[in-house]
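**Student:** Mapping to numbering that gives the first Met the number 0: the sequence shown position 22 is 21, numbers consecutive. Using N, Cα and C, we set each Cβ at its ideal position, and we do this for glycine too.
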Amino acid sequence: MDTITRRRFLTASGVVAGGAIALGGTAYGLRDILGFRDEERPAGAKTLVLVTLYGGNDGLNTVIPYADPAYAANRPGLTYDPGQVLRLDDAFGLNPGLAGLHRLYGEKRLAIVRGVGYPKPDRSHFRSMDIWQTAQPDRPGNTGWLGRWLDGVGGDPRLAVSFEPVLPPLLAGATSAGATVPGGAVKLPRIATPEVLTALSASAPGESPAQARAAACFADLVRVRDLMADVDASPEDSADTAAPPLDTQLALVTRCIEAGAATRVYSVSLGGFDLHADEKEAQEALLAKLDRPLAAFADRMRNRDVVTVVYSEFGRRVKANASDGTDHGTASSMFLMGGGVAGGMYGDPPSLTDLDDGDLVHTVDFRDVYASVLSDVLGADPGTVLGDWPGRLDFS
Numbered sequence: 000m001d002t003i004t005r006r007r008f009l010t011a012s013g014v015v016a017g018g019a020i021a022l023g024g025t026a027y028g029l030r031d032i033l034g035f036r037d038e039e040r041p042a043g044a045k046t047l048v049l050v051t052l053y054g055g056n057d058g059l060n061t062v063i064p065y066a067d068p069a070y071a072a073n074r075p076g077l078t079y080d081p082g083q084v085l086r087l088d089d090a091f092g093l094n095p096g097l098a099g100l101h102r103l104y105g106e107k108r109l110a111i112v113r114g115v116g117y118p119k120p121d122r123s124h125f126r127s128m129d130i131w132q133t134a135q136p137d138r139p140g141n142t143g144w145l146g147r148w149l150d151g152v153g154g155d156p157r158l159a160v161s162f163e164p165v166l167p168p169l170l171a172g173a174t175s176a177g178a179t180v181p182g183g184a185v186k187l188p189r190i191a192t193p194e195v196l197t198a199l200s201a202s203a204p205g206e207s208p209a210q211a212r213a214a215a216c217f218a219d220l221v222r223v224r225d226l227m228a229d230v231d232a233s234p235e236d237s238a239d240t241a242a243p244p245l246d247t248q249l250a251l252v253t254r255c256i257e258a259g260a261a262t263r264v265y266s267v268s269l270g271g272f273d274l275h276a277d278e279k280e281a282q283e284a285l286l287a288k289l290d291r292p293l294a295a296f297a298d299r300m301r302n303r304d305v306v307t308v309v310y311s312e313f314g315r316r317v318k319a320n321a322s323d324g325t326d327h328g329t330a331s332s333m334f335l336m337g338g339g340v341a342g343g344m345y346g347d348p349p350s351l352t353d354l355d356d357g358d359l360v361h362t363v364d365f366r367d368v369y370a371s372v373l374s375d376v377l378g379a380d381p382g383t384v385l386g387d388w389p390g391r392l393d394f395s
């Protein structure tokens with residue numbers, strides 16, 4: 000059974016967090032992470048928390064250019080009036096669902112990077128997420144950008160932990176992979192008998208390392224189910240949810256950080272942003288699900304060296320479609336907060352009239368943000384992860 004079939008099987012089975020496939024990462028129990036100590040951790044070392052918004056969040060209705068007449072002209076029925084937005088300045092405001100982040104911005108604790116993208120953008124969910132997670136727009140490879148960082152710091156899986164059902168590609172390196180600590184049950188179809196899982200997990204002669212890693216994830220599925228008891232989900236969480244809510248994931252991150260775990264990178268996610276129809280209320284509700292736990296987490300981590308980064312695989316088209324939604328687009332915004340990040344606006348806002356085939360033209364390459372995170376948060380040389388990449392943004 001080839002890798003594409005395995006990918007489709009994972010997607011159909013509901014064991015994929017917003018499209019991210021497992022790449023041979025090992026499932027760990029929460030106790031494994033809580034008990035992880037590293038006496039050699041550098042003094043003042045920071046921790047990175049990466050929040051992925053799967054589905055392509057509409058950036059123009061997140062960081063809203065409410066004063067630009069082209070905004071309302073292109074989106075009848077989707078726009079927010081100036082009196083509805085949470086104003087950042089005389090031109091931009093946040094979605095009404097982001098009250099907590101708006102407060103953080105007013106306290107100069109939230110950095111907003113506008114116009115983030117990459118050359119020759121791809122509007123496929125899988126391809127675009129591969130690009131963001133590998134940091135290789137020209138030809139996405141088999142390793143994630145944080146997986147390559149992990150390769151360079153010794154490869155202990157517990158240094159990079161995902162609280163998603165399976166490991167996202169961004170934590171898969173060439174010689175190592177991060178750990179996944181799932182919270183919620185992995186629901187498999189009836190055809191996923193032990194015999195089928197065994198067949199899917201068997202590597203074939205001549206397979207590439209990437210195919211072998213993809214196959215290895217199936218061997219972890221039974222172990223994943225056994226490890227669910229190690230995760231303390233909140234009482235309101237459904238026991239049969241494939242991916243735990245963001246508040247549960249961030250609560251687990253909080254528990255690990257406050258317990259002194261030596262983990263340097265945590266990956267969490269929120270899905271559902273592919274809103275091709277009836278977008279406005281649905282997106283606002285999703286952004287509220289992001290805002291409440293994220294703002295609370297930022298407050299809890301205020302006196303710790305923890306930096307949180309929020310991104311999505313692409314933004315949406317400038318013009319609304321006929322179903323009161325938006326279709327796959329290009330450039331969008333990123334959020335950063337905590338750990339010495341200076342709040343404010345970064346990057347030039349893309350024009351809403353000077354478009355590329357109806358899409359925004361990016362003004363900041365996402366690798367500039369990654370380079371800063373690698374250097375300032377993880378203390379790494381960006382060149383070893385991103386190659387000969389010259390750019391970076393200064394958030395200090």
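#1: Which partner residues of residue 112 appear in the DSSP bridge assignment?
#2: Tell me the DSSP secondary structure of residue 70 in three-state form.
#3: Does DSSP classify residue 387 as helix, strand or coil?
#4: Does DSSP classify residue 277 as helix, strand or coil?
#5: Measuring CA to CA, which of 277, 36 and 292 is closest to residue 267?
#6: Of all the options 300, 133 and 116, which has the alpha carbon lying nearest to the alpha carbon of residue 259?
#7: Tell me which residue opens and which closes the alpha helix (DSSP H) that residue 98 is part of.
#8: Under three-state DSSP, which class holds residue 158?
#9: Which word fits residue 227, buried or exposed, when buried means at least 16 other C-beta atoms lie within 10 angstroms of its C-beta?
#10: Could you pull the start and end residues of the alpha helix (DSSP H) that residue 249 belongs to?
#11: Would you call residue 357 buried or exposed, if buried means 16 or more other Cβ atoms sit within 10 Å of its Cβ?
#12: Thinking just about the alpha-carbon of each residue, which of 395, 359, 142 and 109 is nearest to the one in residue 371?
#13: Taking 9 Å as the cut-off, decide whether the C-beta atoms of residue 345 and residue 63 are in contact.
#14: Nearest to residue 254 by alpha carbon, out of 26, 32 and 27?
#15: Of all the alpha helix (DSSP H) runs that stay within the bounds of the region 358-387, which reach a length of 4 or more residues?
#16: So residue 127 is in the alpha helix (DSSP H); what residue range does that whole segment cover?
#17: State the DSSP-derived secondary structure class of residue 354, mapped to helix, strand or coil.
#18: Measure how close the beta-carbons of residue 156 and residue 178 come, nearest whole angstrom, since I'm counting them as under 8 Å.
#19: For residue 384, I'd like the list of residues in its chain whose CB is within less than 6 Å of its CB, leaving aside the five on either flank, ordered along the chain.
#20: For residue 309 and residue 49, I'd like the C-alpha separation in whole angstroms.
#21: Can you tell me whether residue 119 is buried or exposed, with buried defined as 16 or more other CB within 10 angstroms of its CB?
#22: In terms of alpha-carbon separation, which member of 90, 339 and 85 lies closest to residue 68?
#23: Tell me, please, which residues DSSP counts as bridged to residue 32.
#24: Hey, how far is the Cα of residue 280 from the Cα of residue 274?
#25: Within a Cβ cutoff of 6 Å, which residues of the same chain sit near residue 132, ignoring the five residues on either side of it in sequence?
#26: What is the rounded straight-line gap between the Cα of residue 289 and the Cα of residue 152?
#27: Which same chain residues end up closer than 6 Å to residue 84 when comparing Cβ atoms and leaving out the 5 residues on each side of it in sequence?
#28: Could you give the residue range of the beta strand (DSSP E) that holds residue 47?
#29: Please state the DSSP three-state secondary structure of residue 321.
#30: By how many angstroms is the C-alpha of residue 121 removed from the C-alpha of residue 138?
#31: To the nearest angstrom, how far is the alpha carbon of residue 222 from that of residue 161?
#32: Determine the contact status of residue 53 and residue 334, defining contact as a CB-CB distance below 9 Å.
#33: Out of 391, 136 and 251, state which residue places its alpha-carbon closest to the alpha-carbon of residue 265.
#34: Please confirm whether residue 283 and residue 95 have their CB atoms less than 9 Å apart.
#35: Taking residue 314 and residue 359 to be in contact with their CB atoms under 8 Å, please state how far apart those CB atoms are, rounded to whole angstroms.
**Tutor:** Straight from the coordinates:
#1: Counted from its first residue, the sequence shown places residue 112 at position 113. Answer is 333 and 345, bridged to residue 112.
#2: By one-based count along the sequence shown, residue 70 stands at place 71. Helix at residue 70.
#3: For the purposes of this step, residue 387 is taken as residue 388 along the sequence shown, with counting starting at 1. Coil at residue 387, not helix or strand.
#4: As a first step, residue 277 is located in the sequence shown; it is residue number 278 there, counting from the start. Residue 277 falls in the coil class under three-state DSSP.
#5: Taking the first residue of the sequence shown as position 1, residue 267 is located at position 268. The shortest C-alpha separation from residue 267 is found at 292.
#6: Your numbering for residue 259 matches position 260 in the sequence shown. When only C-alpha atoms are compared, the closest one is 300.
#7: Residue mapping note: residue 98 aligns to position 99 of the sequence shown, counting from 1. That run of the alpha helix (DSSP H) goes 98-105.
#8: The sequence position of residue 158 within the sequence shown is 159, counting from 1. Of the three classes helix, strand and coil, the one that applies to residue 158 here is helix, per DSSP.
#9: For the purposes of this step, residue 227 is taken as residue 228 along the sequence shown, with counting starting at 1. Because the pLDDT at residue 227 is just 39, under 50, the model does not fix this residue reliably, and the value given afterwards should be weighed accordingly. Buried: at least 16 other Cβ atoms inside 10 Å.
#10: Taking the first residue of the sequence shown as 1, we reach residue 249 at position 250. That run of the alpha helix (DSSP H) goes 245-257.
#11: By 1-based counting over the sequence shown, the position of residue 357 is 358. When all chains shown are included, residue 357 counts as exposed.
#12: Start at 1 with the first residue of the sequence shown, and residue 371 comes out as number 372. Taking only the C-alpha atoms, the option nearest residue 371 is 395.
#13: Here residue 345 refers to the residue found at position 346 when the sequence shown is read from its first residue. Here residue 63 refers to the residue found at position 64 when the sequence shown is read from its first residue. No, they are not a contact pair.
#14: Counting from one through the sequence shown, the residue named residue 254 turns up at place 255. The candidate whose alpha carbon is nearest that of residue 254 is 32.
#15: 365-371 and 381-385
#16: As a position in the sequence shown, residue 127 is number 128, starting the count at 1. Taken as a continuous stretch (DSSP letters only), the alpha helix (DSSP H) holding residue 127 covers 124-133.
#17: Stepping through the sequence shown from its first residue, residue 354 is reached at position 355. The answer is coil: DSSP assigns residue 354 none of H, G, I, E or B.
#18: In the sequence shown, residue 156 corresponds to position 157, counting from 1. In the sequence shown, residue 178 corresponds to position 179, counting from 1. Indeed, because the Cβ distance is near 4 Å, the residues count as touching under 8 Å.
#19: By one-based count along the sequence shown, residue 384 stands at place 385. The residues are 144, 147, 148 and 373.
#20: As a working note, residue 309 is residue 310 in the sequence shown. As a working note, residue 49 is residue 50 in the sequence shown. Going from the Cα of residue 309 to the Cα of residue 49 covers about 6 Å.
#21: Residue 119 sits at position 120 when you count from the first residue of the sequence shown. Residue 119 comes out exposed.
#22: Numbered from its first residue, the sequence shown carries residue 68 at position 69. Residue 68 has its Cα closest to that of 90, out of 90, 339 and 85.
#23: Stepping through the sequence shown from its first residue, residue 32 is reached at position 33. Note: residue 32 sits in no beta bridge, so no partner.
#24: The residue you call residue 280 lines up with position 281 of the sequence shown. The residue you call residue 274 lines up with position 275 of the sequence shown. Each residue's alpha carbon lies about 10 Å from the other.
#25: Here residue 132 is taken as the residue at index 133 of the sequence shown, counted from 1. Only 143, 168 and 169 meet the Cβ criterion.
#26: Position 290 of the sequence shown, counted from the first residue, corresponds to residue 289. Position 153 of the sequence shown, counted from the first residue, corresponds to residue 152. Approximately 31 Å, taken between the alpha carbons.
#27: Counted from its first residue, the sequence shown places residue 84 at position 85. Same-chain partners within the cutoff: 63, 65 and 92.
#28: Against the sequence shown, residue 47 aligns to sequence position 48. Here the beta strand (DSSP E) through residue 47 covers 46-52.
#29: Mapped onto the sequence shown, residue 321 falls at position 322. Looking at residue 321 - three-state DSSP - the assignment turns out to be coil, as it is neither helix nor strand.
#30: Residue numbering aside, residue 138 sits at position 139 when the sequence shown is read from its first letter. Residue numbering aside, residue 121 sits at position 122 when the sequence shown is read from its first letter. Taking the straight line from one Cα to the other gives about 12 Å.
#31: Taking the first residue of the sequence shown as position 1, residue 222 is located at position 223. Taking the first residue of the sequence shown as position 1, residue 161 is located at position 162. Annotation note: pLDDT 47 at residue 222 (below 50); position unreliable, coordinate value reported separately. Cα to Cα, the separation comes out at about 16 Å.
#32: On the sequence shown, residue 53 is found 54 positions in, with the first residue counted as 1. On the sequence shown, residue 334 is found 335 positions in, with the first residue counted as 1. It is not a contact, given that the beta carbons lie outside the stated cut-off.
#33: Within the sequence shown, residue 265 is the residue found at index 266, counting from 1. Considering only alpha carbons, the answer is 251.
#34: Residue mapping note: residue 283 aligns to position 284 of the sequence shown, counting from 1. Residue mapping note: residue 95 aligns to position 96 of the sequence shown, counting from 1. Yes.
#35: The residue you call residue 314 lines up with position 315 of the sequence shown. The residue you call residue 359 lines up with position 360 of the sequence shown. With a Cβ gap of about 7 Å, residue 314 and residue 359 count as contacting.
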